[in-house]
Amino acid sequence: MSSVIPLKVSYKREKFKCLLKTQDHADCTFICGDEKISAHRLILACSSPVFELMFFGQMAATEVELPDINPDDFRKMLEYIYTDYVDIGSVQTAWSLIYIGQKYFLGDLLELCVDFVKTNLTLVTYFYVRIFIRFGIITRIRLIDLEKNALS
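So the sequence shown is numbered by the UniProt record's numbering: it starts at 1 and just counts up by one.
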């Protein structure tokens, strides 16, 4: 019989949320525009093969420039990685997080955002779908339902 008592998931999430907020023991920095955002390489690497290679591959880095990502959206991605929760808030934010989810192979975040867009679909959103598909930002397979929903 094991004497180890597992921690509640909510307790772990709160601890990770605290780590993200306080940046205690942070060991990497992302530069988004004029802002520097600190994080923990191991937590990120456990969530994404892209981060794993970025931080523990042959060309490991501890400071990463992200000229293509808005700092607020990057923070939302971090919130999701650390806590399994994110308040998407708007379709525009969902699109940004879809881009980030694709870039860093964050499948769960990607699916969450696609579902958000599906439930908030409008004609304007449909045009975003077409643009994202056309420029290869999102795969056609991933968003085929969005297109069907927009046309109905």
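For every residue, glycine included, the Cβ atom is placed at its ideal position computed from N, Cα and C.
Checklist entry - In three-state DSSP terms, what is Ile141? => result In this prediction, Ile141 scores a pLDDT of 47, lower than 50, which makes its location untrustworthy; the coordinate-derived value is nonetheless stated afterwards. If DSSP states are grouped into helix, strand and coil, Ile141 belongs with the helices.
Checklist entry - Expressed to the nearest angstrom, what Euclidean distance is found between the alpha-carbon atoms of Leu78 and Lys12? => result 15 angstroms
Checklist entry - Is the stretch 83-95 touching the stretch 48-63, taking contact as three or more C-beta pairs under 8 angstroms? => result no
Item to check | Cα-Cα separation, Lys17 to Cys113 | outcome: 21 angstroms
Item to check | Range covered by the alpha helix (DSSP H) that runs through Ala98 | outcome: Note that residue 98 is Ile in the sequence shown here, rather than Ala. Element bounds for Ile98: Val91 to Lys103.
Checklist entry - If we ignore side chains and look at the alpha-carbon of each, how far apart do Lys15 and Thr122 end up? => result 38 angstroms
Checklist entry - If we ignore side chains and look at the alpha-carbon of each, how far apart do Ser90 and Tyr80 end up? => result 16 angstroms
Item to check | Close Cβ partners of Leu106 (< 8 angstroms) along its chain, the five nearest in sequence each way excluded | outcome: Ser47, Ser48, Met77, Tyr80, Ile81 and Ile100
Checklist entry - On the premise that Phe116 lies in contact with Val64, defined as a C-beta separation below 8 angstroms, what is that separation, rounded to the nearest angstrom? => result Actually they are not in contact, since the Cβ atoms of Val64 and Phe116 sit about 26 angstroms apart, beyond 8 angstroms.
Checklist entry - Going by DSSP, which residues form a beta bridge with Cys28? => result Ala39
Checklist entry - Expressed to the nearest angstrom, what Euclidean distance is found between the alpha-carbon atoms of His25 and Leu66? => result 22 angstroms
Checklist entry - Exposed or buried, Ile141, counting other C-beta atoms within 10 Å across all chains shown (16 or more means buried)? => result At Ile141, the pLDDT of 47 sits below 50, so the modelled position is not reliable; the number obtained from the coordinates is stated separately. With fewer than 16 other Cβ atoms within 10 Å, it is exposed.
Checklist entry - Looking only at its own chain, which residues have a Cβ that is under 7 angstroms from the Cβ of Tyr128, when we skip the five neighbours before and after it? => result Trp95
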